[in-house]
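Scroll down for the structure; my scribbles are underneath it.
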Amino acid sequence: MLDTVIQQLLNAAQLGAVYALIALGYTMVYGTIRLINFAHGDIFMLGGYIGFLLVTAVSGMPLVVMMPLAMLLTALVGMLIERVAYRRLRNAQRMSLVITALGVGIFLENLVRLLVGPQARQLPAQLPNGVVELFNGVVVTEDKILIIFISLALMVILWLFVHRTLMGTAMRAVADNKDAVQLMGINLNMVIAVTFAIGSALAAAGGIFFGQAYSIDPYMGIDLGWKAFIAAVIGGIGSIEGAVLGSFLLAGVEVLTVAYLSSNMKNGIAFGLLILLLLLRPNGIMGRPELKKV
Amino acid sequence: MSVAEPKRASLVNFRNVAISALVVTALLQLLGGMGLFNQYYLHILAIIGMNIILVVSLNLVNGYLGEFALGHAGFMAVGAYTAALIAMNLQLPTALRLPLSLAGGVAAAGLIGYLVGLVTFKTVGDYLAITTLGFNMIIVNAIQNIDYLGGPRGLTGIPKGTDLITVAACVVLTYWILRNLVHSGYGRMWLSIRENAIASGLIGVNVNRVKNVAFTVAAAFAGLAGGLWAQYQQFITPRSFDYLKTTEILVMLYLGGMGSLSGSILGVVFYTVTMELLRNVLGMISPQLADLRMLLSPLILVVIMLTRQYGLMGNREWRWLQPKREESPVGTGA
Amino acid sequence: MRQLVWSLVALLALFGVAGCEDKGLAIGVSAPLSGDIAALGQSTRNAVLLAQEEINAKGGIRIGDKLEKITFIIEDDENRPESTATVFQKLINQDRVVAIIGSQSSKCSNAGAPIAESAGIPQLSPWSTNPNVTRGRKYVFRSCFIDPFQGKEVAKFARDTMKARTAAVLYDVASDYNKGIAEVFRDEFARAGGRIVGFETYNTNDKDFSAQLCKIKGANPDILFLPNYFNEVPLQIQQARKLGLTCKVIGSDSWDNPELIKLGGREMEGTYFTNHYSPDVDRPASREFIAKYRKKFNAPVDAAAALTYDSVYILVQAIEKAGKAEPRAIRDAIASTKGFNGATGTISYNGTGDPVKGAVIIRIKNGKFVFDSAVN
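Chains as they are written, first to last, in this note's numbering: chain U, 1 to 294; chain P, 1001 to 1334; chain S, 2001 to 2376.
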């Protein structure tokens, strides 16, 4: 009994780690420019594909080279998208930006479908794949543990970056008050570009892990993007800690619903619980209630 | 010098446009039946009509009320399945089948909308987006698990009830009701909530109740569109009502312009026609190009949003679709 | 207002031009070129283009005593019922096709069928296995077997040949194909004296099945049935093995794609699935098709491609037999097809839209699909 519970919790942790890597990008972009970046799920997909193409082009490229390279390239794509499609609309009504992001997402999906093909692909397994027995009966594969730990490490690095560096301080300042920040001589465009770059790089890491643990296809970003968006909102959108917490919570609810309630009604029950949670905490777990002036 | 000569009433007003629209669609339907007019165009017109009902009704919540609801397709599903069950299972005379099934769909969707609204309006902003999206997923997931409703296989063999004339009549009716609602006291309250919910509360607007009226009405009309759709396509499946449909409705809404009912019409026409034009133009150039359609359409969308930030219409209205007494356009200053 | 009028004028003008063109004998194809099963759409188009090239290289299709070139108009239905309805309307009323191949998924064929039926245009779906698609319809055909037949055969195979006493099923509850077969299997396996110890589901696009597989592992079945698509099955088997689930695994015709082995690797060894045909059986028609397809597209053959290719030739044979390109006559000719020798086996129709054809059991051995046994 206990061993299955632990096994299921590990399953949830892996899923949650992937959700979190995407949700962080959502929440960071939201924090700075209040955009629900619906293309973010597709950036995640693109990251996975860039990793796949790198490994295919140079066979035997080790993960320690491929992953930073793919993260860098995806970060550049993220910055490019912000520059071309979002910057002009930054001061327009919020929803124009959301619809533009939706359009960018559909464009990316179809671009990858046409260039690489619609088939599902799997990244060659580069993580150690042995089976570890934690204690009697509970087995876990090494790649699962590594994925969870590398993801957590990336999140810690991000937290340190946001809270301990000048650029991170600037990002938090932009999140607090975009106008005042410019009066302080902070280059707003620069800060936003960096936000997109970091969010995209993390999504790329998620995409590569996903391609190692599962498989990648051009449309995989749609569902995972929505899930990560939901996780970010549950945690309190705009909050980094919240996004991580929300992701593990969503994954936990999903996995435990399947394990102990009913897999048929997974979406129904999981969302029912999440709605309940939002009713109890209408601003998410870590979200700050928005102050409104009358 | 005379002061402000009274303006001559224009012939282009809502009543005349509505009547001529109905006459033209009836005529086209008749010609189509005789094989003199391409049925494909009739089909596109019917799709446009049903999408107008969906988008105009969502505009009530997302445009006029200023909320970000993400579950419209869920209410469409409720209407579609209710109408389909009534049409298939009750032994109604043919003349009564369509109106009764549509009424059932509207009532069921409205009821579910009311209940969902009671819950979701406890949250605001993006949290409201998530709760509505959640309900959309719950509705679809529930239908998938009910074998009586066909589960994931969907319902086949729904009798054909909807034709272009029915759609046109429903569009005119929907537009008329929603336009008058928007210009009624409720409409003013929605706008005031959109501009500032707290201040509206202070001047005595029962914010949650007024919001829920908009939500219920919007859901009911989504149900109408669903009922029409079920009896038009004669086949429905739960996956047709998931968040992909919801986002399609959103795209048409914001493409046309939030807070403008005429914009919603324009958005739907533009979107639907562009998708079909792409199909035809690409097919004409080379049969190999059908692939590119889904690559070009989002590009067009992005370019339009970049060049026209507030959608095609912004929040302007076509004068001739407005009620007569209206002097200044409603919905400025989003 | 001006924009509206302008766009309508442009629309009508363009449609007018499109309608005037002469394309020879036109046949419509509705395929999911984009969307979640776009890989299948690609195979569909490949198969159609291959057949078109072959037919036109011979001068065309023989109608009466003259040869006529043939054009396939392939439209993208995005694997969405709404779009399929539009595609059918366009093909029938604008392109004036005499018949339609498609669509692939049952939900799309179901949306197109009422339109084809009321217009009196024959529709031949290569891949829609839901029994509802053809039920009560005169003009709608398919060239594959239906879910109940296959579910029954798999259950029989698991019980009688594999000697399994207990079985577990993991299937996609949101997809009609998977659910249809899973339920038939459950009933038939129990009827044959077996016991179902696990009946777990997931939702389309899920990639992590560990939670369900953990539960199944606890029930310790003799056999695991995975009636799911080839892009998901490898993940399911890999995850099952990682969790220490060692039982035998069987599947259905949705496995038939070389991607299965590419993605699953050696984890796929020793599994079985039912299929329409087996590439290694000495059937000239199958062998020839596979060779030509591989040569032209440098891509592996899957079930959708083979079934589409057969559908095209069933249709072409019917048109030649009818002796005129008239939908009603074509319909009658398809309905009376007997012993059509295609890439996926011998196909006959007797009265209904569903073909009479056998199935084979395939075993995966050394990374190849190998013939195991035939069922009829």
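C-beta: ideal position from N, C-alpha, C; glycine also.
(message) Suppose you measure from the CA of residue 249 of chain U to the CA of residue 228 of chain U; what does that come to, to the nearest Å?
(response) 11 Å
(request) Report yes if the CB atom of residue 1136 of chain P is closer than 8 Å to the CB atom of residue 1074 of chain P, and no otherwise. (result) yes
(request) Would you mind reading off the limits of the beta strand (DSSP E) that contains residue 2061 of chain S? (result) 2061 to 2063
(request) Tell me residue 2355 of chain S's beta-bridge partners as DSSP assigns them. (result) S:2349
(message) On the CB-based measure, 16 or more other CB atoms within 10 Å of its CB, does residue 125 of chain U come out buried or exposed?
(response) exposed
(request) Specify, as a first and last residue, the run of the beta strand (DSSP E) that residue 2123 of chain S falls within. (result) 2123 to 2125
(request) Along the alpha helix (DSSP H) that carries residue 285 of chain U, what are the first and last residues, could you check? (result) Unbroken run through residue 285 of chain U: none, as it is neither H nor E.
(message) Please report the straight-line C-alpha distance between residue 1201 of chain P and residue 1210 of chain P, rounded to a whole angstrom.
(response) 11 Å
(request) Specify whether the stretch 112 to 129 of chain U and the stretch 1307 to 1327 of chain P touch according to this definition: at least 3 beta carbon pairs, one from each stretch, less than 8 Å apart. (result) no
(message) When you compare the CB positions of residue 155 of chain U and residue 20 of chain U, do they come within less than 8 Å of one another, or not?
(response) yes
(message) Short of 7 Å in beta carbon distance, which residues of its chain neighbour residue 2152 of chain S, apart from the five on each side in sequence? Order them along the chain.
(response) 2184, 2188
(request) On a CA-only basis, which of P:1079, P:1117, P:1115 is nearest residue 1101 of chain P? Give me that one, please. (result) P:1079
(message) Three or more C-beta pairs under 8 Å: does that hold for the stretch 1228 to 1242 of chain P against the stretch 68 to 76 of chain U?
(response) no
(request) Check residue 2140 of chain S in the structure and name its three-state DSSP category. (result) strand
(request) With a cut-off of 8 Å on the beta carbons, I'd call residue 127 of chain U and residue 142 of chain U a contact; round off their distance for me. (result) 7 Å
(message) Here's a check: name, in chain order, each residue in its chain whose Cβ is nearer than 6 Å to the Cβ of residue 1265 of chain P, leaving out the five neighbours to either side.
(response) 1052
(request) Specify the secondary structure class of residue 2171 of chain S as computed by DSSP and reduced to three states. (result) strand
(message) Below 7 Å on C-beta distance, what does residue 2210 of chain S contact in chain U?
(response) 11
(message) According to DSSP, residue 216 of chain U sits in a beta bridge with which residue or residues?
(response) U:121
(message) Whether or not the stretch 2030 to 2037 of chain S and the stretch 2269 to 2276 of chain S are in contact is what I'm after, with contact meaning three or more pairs of Cβ atoms, one per stretch, closer than 8 Å; do they touch?
(response) no
(message) Which residue wins for smallest C-alpha separation from residue 2335 of chain S, given the options S:2344, S:2253, S:2345, S:2321?
(response) S:2321
(message) Below 7 Å on C-beta distance, what does residue 15 of chain U contact in chain S?
(response) 2208
(message) So for residue 1001 of chain P, helix, strand or coil by DSSP?
(response) Any reading at residue 1001 of chain P must be qualified, since the residue scores a pLDDT of 43, below 50, and its modelled position is unreliable; the value itself is stated next. DSSP places residue 1001 of chain P in coil when its eight states are reduced to three.
(message) So with CB distances below 7 Å, who are the chain P contacts of residue 95 of chain U?
(response) 1254, 1258
(request) Determine the DSSP secondary structure at residue 293 of chain U, reduced to helix, strand or coil. (result) Because the pLDDT of residue 293 of chain U is 48, which lies under 50, any placement of that residue in the model is unreliable, and the number read from its coordinates should be weighed accordingly. Note: residue 293 of chain U maps to coil in three-state DSSP.
(request) Could you give the DSSP three-state label for residue 2215 of chain S: helix, strand or coil? (result) helix
(request) Write down every uninterrupted run of the alpha helix (DSSP H) in the stretch 2185 to 2256 of chain S whose length is 4 residues or greater and which is fully enclosed by it, in chain order. (result) 2210 to 2219, 2233 to 2242
(request) State yes or no: is the beta carbon of residue 1143 of chain P nearer than 8 Å to at least one beta carbon in chain U? (result) no
(request) For residue 1203 of chain P, name the three-state secondary structure that DSSP assigns. (result) coil
(message) Considering only DSSP beta bridges, list what residue 2275 of chain S is partnered with.
(response) S:2360
(message) In chain order, what are the residue ranges of uninterrupted alpha helix (DSSP H) at least 4 long that sit wholly in the stretch 141 to 183 of chain U?
(response) 142 to 164, 166 to 176, 178 to 183
(request) Spell out the partners DSSP gives residue 2365 of chain S in its beta bridges. (result) S:2368
(request) Give the interface partners of residue 1291 of chain P over in chain S, defined as CB-CB distance under 8 Å, in chain order. (result) 2033, 2034, 2076
(message) Would the stretch 2204 to 2214 of chain S count as touching the stretch 270 to 283 of chain U if we require 3 or more Cβ pairs under 8 Å?
(response) no
(request) Identify the continuous beta strand (DSSP E) that holds residue 2076 of chain S and give its terminal residues. (result) 2070 to 2076
(message) Considering Cα atoms alone, identify which of P:1077, P:1299, P:1317, P:1322 is closest to residue 84 of chain U.
(response) P:1299
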